[in-house]
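Peer 1:
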Amino acid sequence: MAEPVARSDPRISVRFDAATLDYHDRRVWTDLSLEFKEPSFVAILGPNGSGKTSLLRVILGLTPLSAGSVEVLGQPPRRGNPGIGYVPQHQSFDQDLPLRGRDLVQLGIDGHRWGVGRPSSADRRRVSEVIEAVEATPYADAPIGRLSGGEQQRLRIAQAIVGDPRLLLCDEPLASLDLHHQQEITDLIGGWQKRTGRTVLFVTHDVNPILSLVDRVLFVVNGRWAAGTPDEVLTSERMSDLYGSHVDVMRVHGRILVVSESTGSGFELEEPHHLPEIHAGGGSGGLGPGARNVP
Amino acid sequence: MDQLIHLLGYPFVQNAIAAGIVIAIVSGIVSRFVVARNMAFAVHALAELGFTGSAGAILVGVSPVIGLMAGTTITALFIGTLGVRVRERDAVVGVVMAFGLGLGVLFLTLYPHYATEAIAILFGTITGVSTSDVLLLLLIGAFTLVTLAIVYRPLTFATVDPEVAEARGVPVRGLAIVFLLIMAAAVAEAVQVVGVLLILTLLITPGASAERLTARPGRAAVYSVAIALACVLGGILLALVTNVAVSVYVTSLSFVLYLGSRFLVGPTLLGREQRRPDQPSASLPG
Numbered sequence: 360m361a362e363p364v365a366r367s368d369p370r371i372s373v374r375f376d377a378a379t380l381d382y383h384d385r386r387v388w389t390d391l392s393l394e395f396k397e398p399s400f401v402a403i404l405g406p407n408g409s410g411k412t413s414l415l416r417v418i419l420g421l422t423p424l425s426a427g428s429v430e431v432l433g434q435p436p437r438r439g440n441p442g443i444g445y446v447p448q449h450q451s452f453d454q455d456l457p458l459r460g461r462d463l464v465q466l467g468i469d470g471h472r473w474g475v476g477r478p479s480s481a482d483r484r485r486v487s488e489v490i491e492a493v494e495a496t497p498y499a500d501a502p503i504g505r506l507s508g509g510e511q512q513r514l515r516i517a518q519a520i521v522g523d524p525r526l527l528l529c530d531e532p533l534a535s536l537d538l539h540h541q542q543e544i545t546d547l548i549g550g551w552q553k554r555t556g557r558t559v560l561f562v563t564h565d566v567n568p569i570l571s572l573v574d575r576v577l578f579v580v581n582g583r584w585a586a587g588t589p590d591e592v593l594t595s596e597r598m599s600d601l602y603g604s605h606v607d608v609m610r611v612h613g614r615i616l617v618v619s620e621s622t623g624s625g626f627e628l629e630e631p632h633h634l635p636e637i638h639a640g641g642g643s644g645g646l647g648p649g650a651r652n653v654p
Numbered sequence: 009m010d011q012l013i014h015l016l017g018y019p020f021v022q023n024a025i026a027a028g029i030v031i032a033i034v035s036g037i038v039s040r041f042v043v044a045r046n047m048a049f050a051v052h053a054l055a056e057l058g059f060t061g062s063a064g065a066i067l068v069g070v071s072p073v074i075g076l077m078a079g080t081t082i083t084a085l086f087i088g089t090l091g092v093r094v095r096e097r098d099a100v101v102g103v104v105m106a107f108g109l110g111l112g113v114l115f116l117t118l119y120p121h122y123a124t125e126a127i128a129i130l131f132g133t134i135t136g137v138s139t140s141d142v143l144l145l146l147l148i149g150a151f152t153l154v155t156l157a158i159v160y161r162p163l164t165f166a167t168v169d170p171e172v173a174e175a176r177g178v179p180v181r182g183l184a185i186v187f188l189l190i191m192a193a194a195v196a197e198a199v200q201v202v203g204v205l206l207i208l209t210l211l212i213t214p215g216a217s218a219e220r221l222t223a224r225p226g227r228a229a230v231y232s233v234a235i236a237l238a239c240v241l242g243g244i245l246l247a248l249v250t251n252v253a254v255s256v257y258v259t260s261l262s263f264v265l266y267l268g269s270r271f272l273v274g275p276t277l278l279g280r281e282q283r284r285p286d287q288p289s290a291s292l293p294g
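Taken in order, these protein sequences are the chains called A and B.
When the letters of the first sequence are read in order and numbered with the working numbering, they come out as residues 360 to 654.
When the letters of the second sequence are read in order and numbered with the working numbering, they come out as residues 9 to 294.
(1) Could you tell me which of A/Gly-613, A/Gln-512, A/Ala-586 and A/Ser-428 sits nearest to A/Phe-395, measuring between CA atoms?
(2) Should B/Leu-188 and B/Ala-48 be called a contact, given that it needs their Cβ atoms to be closer than 8 Å?
(3) Comparing C-alpha positions only, which one of B/Thr-222, B/Ala-223, B/Leu-205 and B/Ile-235 sits nearest to B/Leu-109?
(4) Let me know the secondary structure DSSP gives B/Thr-133 once reduced to three states.
(5) Name the chain B residues that come within less than 9 Å of A/Leu-466, Cβ to Cβ?
(6) According to a CB-to-CB cut-off of less than 8 Å, which residues of the segment 363-391 of chain A neighbour chain B?
(7) Would the segment 528-538 of chain A count as touching the segment 561-575 of chain A if we require 3 or more Cβ pairs under 8 Å?
(8) Between A/Tyr-602, A/Ile-569, A/His-605 and A/Gly-470, which has its C-alpha nearest B/Pro-225's C-alpha?
(9) Taking the alpha-carbon of B/Ala-44 as reference, which of A/Ala-499, A/Gln-454 and A/His-540 has the nearest alpha-carbon?
(10) From the beta carbon of B/Ile-33, is the nearest beta carbon of chain A less than 8 Å away?
(11) Do A/Arg-614 and A/Asn-581 have their C-beta atoms within less than 8 Å of each other?
(12) Got a sec, what are the start and stop residues for the alpha helix (DSSP H) A/Thr-379 sits in?
(13) Using beta-carbon positions only, say whether B/Ala-26 and B/Gly-132 come within less than 8 Å of one another.
(14) In chain order, what residues of the same chain lie with their CB nearer than 6 Å to the CB of B/Leu-12, ignoring the 5 residues before and after it?
(15) Could you work out which residue in A/Glu-488, A/Asp-482, A/Asp-546 and A/Arg-583 is closest to A/Asp-381 when comparing CA atoms only?
(16) Measuring CA to CA, which of A/Leu-424, A/Gln-450, A/Val-618 and A/Pro-478 is closest to B/Asp-169?
(17) Which residues in chain A sit within 9 Å of B/Pro-120, going by Cβ to Cβ distance?
(18) Please confirm whether A/Arg-525 and A/Gly-442 have their CB atoms less than 8 Å apart.
(19) Any chance the segment 515-522 of chain A sits against the segment 422-429 of chain A, with 3 or more Cβ pairs inside 8 Å?
(20) Using three-state DSSP, classify B/Met-47 as helix, strand or coil.
(21) Counting only the same chain and skipping the five closest in sequence on each side, list residues whose C-beta sits under 8 Å from that of B/Ser-232.
(22) Tell me the DSSP secondary structure of B/Pro-275 in three-state form.
(23) Take the Cβ of A/Glu-630 as the centre, count every other Cβ of all protein chains shown within 10 Å, and call the residue buried at 16 or more, exposed below.
(24) Answer yes or no: do B/Leu-85 and B/Ala-196 have a C-beta to C-beta separation smaller than 8 Å?
(25) May I have the straight-line CA-CA distance separating B/Ala-228 from A/Ala-495, to the nearest angstrom?
(26) Measuring alpha carbon to alpha carbon, tell me which of B/Ala-223, B/Tyr-257 and B/Arg-93 ends up nearest B/Asn-46.
(27) Here's a check: name, in chain order, each residue in its chain whose Cβ is nearer than 8 Å to the Cβ of A/Ile-516, leaving out the five neighbours to either side.
(28) Return the residue from the list A/Gly-556, A/Gln-511, A/Pro-398 and A/Asp-384 that minimises the CA-CA distance to A/Leu-692.
(29) Which residues in the same chain as A/Ser-487 place their Cβ atom closer than 7 Å to its Cβ, once the five residues preceding and following it in sequence are excluded?
(30) Note down the Cα distance separating B/Asp-98 from A/Arg-385, rounded to an integer number of angstroms.
(31) Between which two residues does the beta strand (DSSP E) carrying A/Arg-583 extend?
(32) Give the DSSP-derived three-state secondary structure of A/Tyr-445 in the structure shown.
(33) Check each residue of the segment 523-536 of chain A: if its Cβ is closer than 7 Å to any Cβ of chain B, include it; give the result in chain order.
(34) Assuming the contact rule is C-beta atoms closer than 8 Å, B/Val-101 and B/Ala-53 should be a hit. Round their C-beta distance to whole Å, please.
(35) Distance check for B/Ser-140 and B/Asp-10, CA to CA, integer angstroms please.
(36) On the CB-based measure, 16 or more other CB atoms within 10 Å of its CB, does B/Leu-16 come out buried or exposed?
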């Protein structure tokens, strides 16, 4: 993972060098050294509290490292880096909020700039274009709080990619969505990544919805980490090593389950009820078919 | 009507109207953010401690407007620095408000001739403001509007979508404090019209009504200002011809406008906005 490369190469999306992060005297992760080059689709996995979101915050320039260094798109991290797009976990907007999807996407272009601001006609065209690309046009002018979770999340993706980022950070974008919408959002992000050849860092507790897209995995647990291709990392040996106890990695119907024998320290990558629903072959490129079907 | 035209010739009426217009514009815009950020309780605390400030100012012989401004500003800084998280914020507001009101009671006991002035601060005095106070109010109002114009976009971003705003480099925490200071100024202004106890009628109702009329942020700001203007100017004029306190009319007007927005006009307007969803280019942005 950490082969030496020339510094300041913008094609290196993210590069950690002996990076350590402490949080309130607790070691979140230690000695993280790796790099992700364009194009890659990286799944960042691990149990809750293992520092996945902190990792994104470091890349966003919101949290400084305790030791070591990090480069983002060939430069030290900085707040408001225009090369980064960000999709947060789905949280519903208040249904009376006077805000349309179109306004949310517009904020992705100029929300950080001072002043009252009136979108230029070029901005407005760009916003409509991106909304069309995520197939959200039919509801882009409705109050955003009245849309379904999947619809809101589509508009969030439009907001994140409207500035044409080199690096897209997604923090559990599928959480609290039903299976159908999970698949749509996955296809959308995967399609964007394939078209543009950029890098996606995708934080998730369940790798299966994105398994077909992922070419790299970073697994963090108890301050330790492992990185590589899914086949390298998601094995019983590597996982047992990482957890420090016996862990079984099973493949069932093309899906991956990580199951620990000891309760408490265990972590299930797969929620059992997801098993029979979809096969992990659906998320390959292009925009989701039948994207407008809201169950 | 003749009586009204006659009254409009008096400087005190002109003062009131000039101050009222500025106050309404400030209140209209600020109330949108107060509603969206769930800060009704903080507004109330700012107003009550504004009362303490002006009581203290009268005690030492300074303009009550300056005392009011000092009271709301100090409170805003307290809330801004001590109450970072939402849950913490409400607790801090309560703690600071209780102590500040206690101080207000102390000032009242120290100064025996208070009754009328205290009532004026509690229930509004707009037709009693002096020309120098009007100038001060205009100054504070202009300063507030300029500050609001500068932070408008990032404040909107931080209000509706704080996580992504932070990720995009918006100083969410700093803006929260700036907005508290803007609120402090807006409260000091609005207290002139409706008084401390009725402050929410100008700093909540216009924004809350506007939300019921449109899903577009820009339009909502325009509606909110229009509603605040209607309440303040309508209130002043009605008070002039009937001899009942301004705040009575302002609170009644704003309540009626809220009900009207919510149940009569709102559903139609919102429905019309959404009936043309397939022609985004035909509609002006926000």
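Think of the CB as a built atom: it goes at the ideal place given N, C-alpha and C, for glycine as much as any other residue.
Here the structure is a predicted model, which is why all the values come from computation and not from measurement.
Peer 2: Per the coordinate set shown:
(1) A/Ala-586
(2) no
(3) B/Leu-205
(4) coil
(5) Arg-161, Thr-164, Phe-165, Val-168, Asp-169, Val-172, Ala-173 and Arg-176
(6) none
(7) yes
(8) A/Gly-470
(9) A/Gln-454
(10) no
(11) no
(12) No alpha helix (DSSP H) holds A/Thr-379; the beta strand (DSSP E) holding it covers 371-382.
(13) no
(14) Val-249
(15) A/Arg-583
(16) A/Gln-450
(17) Going along chain A, no residue has its Cβ under 9 Å from B/Pro-120, so there is no contact; the nearest lies around 48 Å.
(18) yes
(19) no
(20) coil
(21) Gly-36, Ile-37, Ser-39, Arg-40, Pro-214, Gly-215, Ser-217 and Ala-218
(22) helix
(23) For A/Glu-630, the pLDDT reaches just 36, beneath the cut-off of 50, and the residue's location in the model is therefore unreliable, leaving the point undetermined.
(24) no
(25) 23 Å
(26) B/Arg-93
(27) Val-446, Val-493, Pro-532, Ile-544, Leu-547, Ile-548 and Trp-551
(28) The question about residue 692 of chain A has no answer here: the residues shown for chain A are numbered 360 through 654.
(29) none
(30) 30 Å
(31) 583-587
(32) strand
(33) none
(34) 5 Å
(35) 29 Å
(36) exposed
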